Amino acid sequence: MLLINNLHLIRSNKIIFNNINIAASSGKIILIKGRNGSGKTTLIKTILNIIEPTNGEIFWLGKRTKTNIFKFYKDTTYIIDKSTSVNNLTVLENIYFWKNFSSSAVSHDSIYKLLEILELKEYLNKQVMYLSLGEIKKLELIRLIIEEKKLWIMDEPYNNLDTNSIEIFNQTFSDHLNKGGIILFSSHFQPNIIGLEVILVN
396 MLLINNLHLI RSNKIIFNNI NIAASSGKII LIKGRNGSGK TTLIKTILNI
446 IEPTNGEIFW LGKRTKTNIF KFYKDTTYII DKSTSVNNLT VLENIYFWKN
496 FSSSAVSHDS IYKLLEILEL KEYLNKQVMY LSLGEIKKLE LIRLIIEEKK
546 LWIMDEPYNN LDTNSIEIFN QTFSDHLNKG GIILFSSHFQ PNIIGLEVIL
596 VN
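Shown next as structure tokens:
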């Protein structure tokens, strides 16, 4: 369970966000929503302990993340709003880098099925630098699945996706929730996912 109590952040005497409270147990999905410059990305980085909050506490599985950061990171996959793929590697090379790095048990057959569903199979040997932004987003989705982490944290995952890709993302998120996963993400777009909770950042 992810528990965030009374999180505040002040920078240069400006309140970036305040009184953020989140309780996310297995099967929970939470959208952080707000206008450009409202502090969505900063809030995500604070939850990830990349930025130090002014006040408040963050817990993962009952323990403070600040003093148990390695366990928190071990259970978390973070997808930023930019590509985490290596541009001069091919789609397949990136996938197997993630697979080997995370010691993933996802089978080769499952990976190829994912590539087919996401319409990336024809780009297996293509370097990431030559993919479209939407194709790169779909490649990031494969990373989420391969790493098999309980907590998914994402910044603007729906950017540059077409309608069909949005449906695939929604189904993938629902599958993760049904397996007991937890999802926290920021977006301007509010997907149609059962149980979605929205937190507004002004």
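Per our numbering, the very first residue in the sequence shown carries number 396; after that it's consecutive. Glycine included, every Cβ here is placed at the ideal spot set by N, Cα and C. Please read all numbers here as calculations on a predicted model, not as lab measurements.
I417 and I425 - do their beta-carbons sit closer together than 8 Å? yes
Is E592 helix, strand or coil when you go by DSSP? strand
DSSP state of I578, grouped into three classes? strand
May I have the straight-line CA-CA distance separating L509 from K466, to the nearest angstrom? 28 Å
Could you tell me the boundaries of the beta strand (DSSP E) in which T471 lies? T471 to I474
E452 and N400 closer than 8 Å at C-beta: Yes, the pair counts as a contact, with Cβ atoms nearer than the cut-off.
My output table needs one value for I506: the three-state DSSP class, helix, strand or coil. Under the three-state reduction of DSSP, I506 is assigned to helix.
How far does the beta strand (DSSP E) with N400 in it extend, from its first residue to its last? Residue range L397 to R406 is occupied by the beta strand (DSSP E) that includes N400.
Could you check if L528 is buried or exposed, using at least 16 other CB atoms within 10 Å of its CB as the buried criterion? exposed
When you compare the CB positions of S499 and I531, do they come within less than 8 Å of one another, or not? no
Separation of Y473 from V486, as counted between CA atoms: Taking the CA atoms as reference points, V486 sits about 19 Å from Y473.
Take S581 and list the residues in its own chain whose beta-carbon comes closer than 7 Å to its own, dropping the five residues that flank it on each side. I427, K435, T436, I439, D550 and E551
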